[in-house]
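Asker:
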Amino acid sequence: MKIVFTFRIKTAFKEKLERKFPDTEFVYASSIDDVSIEDADVIATEGVDLTEAIVEKAVALKWVMVAAVGVNDLPLQALKQKGVIVTNARGVHKAPLAESVLAHLLSLERGLPGIYERQAEKKWKLDKIPGEVNGSTALIVGTGAIGGEIGRLLQAFRVYTIGCNRSGHESDFMDETITMPTLLDRLPEADYVISILPSTAETKWIYQREHFKAMKESAIFVNVGRGDAVKDETVIEALETNEIRHAVLDVFEEEPLPESSPLWSLSNCTVSPHMSSLSGQYITRSLDIMETNLDKWAADDRNLINLVDLDKGY
């Protein structure tokens, strides 16, 4: 079996793989264009370098291991037509991303931005009485591994968690779970609306003007999923008209966010440069998933961890 890695991994992990799987040929390249992939059984990629042409060229390809969560850049239909299995690194983001969401909410409620500003100005004063996360309600749109971890942390702060997914199936660390069609009706209850949706045909531009109009004026909208869940202009209008209190945005229609965007200067908006899921442990966690799946593959077990539904795109 030949496995091609198209992203950099540490020497220690290479040596570990080669010791554990001595009958496997491992090839490491900084670019997929620099290596022969015609006879590759497996391609390990970060997900942005695999094209339809490469899939067609890789005649022996059986499995694509993606060291990321999102797979929307992959030629999914070409892979499906060829019968190629795709796995991703779902779950590796949940700890840092959930911590980021909690950090933003705690910071805004406890007035930390104002504290930092007043320290820089050497001003000993209080602008307003801080709020609390305790006793609030969070509507978490997307109840996968990340949504569950956010729910777990919020419940520790006595936050009532409402999960929202396609089917309304019960989800871990949600006090209740609703379906996507009922989202609009439940938005008025939420102090925090936290979006962790993937990028799919069903979720593209899912948040419209009526969703923000339905939110409390005191609500905080957090988007740490994908930038095409809501148009920037929709959020800008909601913020400028004070339909919501604040928005925390980690993802945007266009990235990097253009300097001309009003989002940069709106006082009730926090712009995060798509970094909420980043952590020094990211690659280690991704490689752990790959290693576990390689164990299964070597044992002819095709019930791999994090199998991607190529029709759904996640």
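Numbering (the working numbering), first residue to last: 55 to 368. For every residue, glycine included, the Cβ atom is placed at its ideal position computed from N, Cα and C.
Could you tell me the distance, in whole angstroms, from the CA atom of W318 to the CA atom of T236?
Answerer: One C-alpha to the other measures close to 32 Å.
Asker: Given a threshold of 16 other Cβ atoms within 10 Å of its Cβ, counted over all protein chains shown, does H223 qualify as buried or as exposed?
Answerer: It is exposed - the Cβ of H223 has fewer than 16 other Cβ atoms within 10 Å.
Asker: If we ignore side chains and look at the alpha-carbon of each, how far apart do G168 and A157 end up?
Answerer: For G168 and A157, the distance between alpha carbons rounds to 15 Å.
Asker: For F61 versus T99, is the C-beta distance shorter than 8 Å?
Answerer: Yes; because the gap between Cβ atoms is below 8 Å, this pair is in contact.
Asker: Which two residues bound the contiguous alpha helix (DSSP H) that contains V109?
Answerer: Per DSSP, V109 belongs to the alpha helix (DSSP H) from 106-111.
Asker: In terms of residue numbering, what span does the beta strand (DSSP E) encompassing V140 cover?
Answerer: Looking at the DSSP string, the run of the beta strand (DSSP E) that includes V140 is 139-141.
Asker: Could you pull out every unbroken beta strand (DSSP E) segment of at least 3 residues lying fully inside the segment 129-185, listed in chain order?
Answerer: You should have 139-141.
Asker: How would you call N357, buried or exposed, if buried means at least 16 neighbouring beta carbons within 10 angstroms?
Answerer: The residue is exposed, with fewer than 16 neighbouring Cβ atoms inside 10 Å.
Asker: Thinking just about the alpha-carbon of each residue, which of S326, K74, V120 is nearest to the one in V58?
Answerer: Ranking S326, K74, V120 by Cα distance to V58 puts V120 first.
Asker: How many angstroms separate the CA atom of F211 from the CA atom of D93?
Answerer: Going from the Cα of F211 to the Cα of D93 covers about 53 Å.
Asker: Distance check for L320 and R299, CA to CA, integer angstroms please.
Answerer: Looking at the two C-alpha atoms, the distance is approximately 11 Å.
Asker: Does the beta-carbon of T215 have 16 or more other beta-carbons within 10 angstroms, so that it is buried, or is it exposed?
Answerer: The residue is buried, with at least 16 neighbouring Cβ atoms inside 10 Å.
Asker: Below 8 Å between beta carbons: does that hold for V289 and S326?
Answerer: No.
Asker: Could you name the residues of the same chain whose beta carbon sits closer than 7 Å to that of E309, not counting the 5 residues immediately before and after it, in chain order?
Answerer: Hits under 7 Å: G281, H328.
Asker: Thinking V284 and Y246 are a contact (beta carbons under 8 Å), I'd like their distance in whole angstroms, please.
Answerer: Actually they are not in contact, since the Cβ atoms of V284 and Y246 sit about 16 Å apart, beyond 8 Å.
Asker: Give every residue of the same chain whose Cβ lies closer than 7 Å to the Cβ of N142, excluding the five residues on either side of it in the sequence, and list them in chain order.
Answerer: Correct list, in chain order: V120, A122, V123, V125, N360, V362.
Asker: Does the segment 143-157 touch the segment 185-203, meaning 3 or more C-beta pairs lie closer than 8 Å?
Answerer: In short, these stretches touch, since the Cβ pair count reaches three.
Asker: Are the beta-carbon atoms of F227 and R206 separated by less than 8 Å?
Answerer: For F227 and R206, yes; Cβs fall inside 8 Å.
Asker: Let me make sure I understand the geometry here. Which of V96, V109, L133, V81 has the alpha-carbon closest to that of L364?
Answerer: Out of V96, V109, L133, V81, L133 has the C-alpha closest to the C-alpha of L364.
Asker: DSSP state of T78, grouped into three classes?
Answerer: It is coil, neither helix nor strand.
Asker: Can you check whether the CB of P184 is closer than 8 Å to the CB of E163?
Answerer: In this structure, P184 lies closer than 8 Å to E163 by Cβ.
Asker: DSSP three-state call for E230: helix, strand or coil?
Answerer: If DSSP states are grouped into helix, strand and coil, E230 belongs with the strands.
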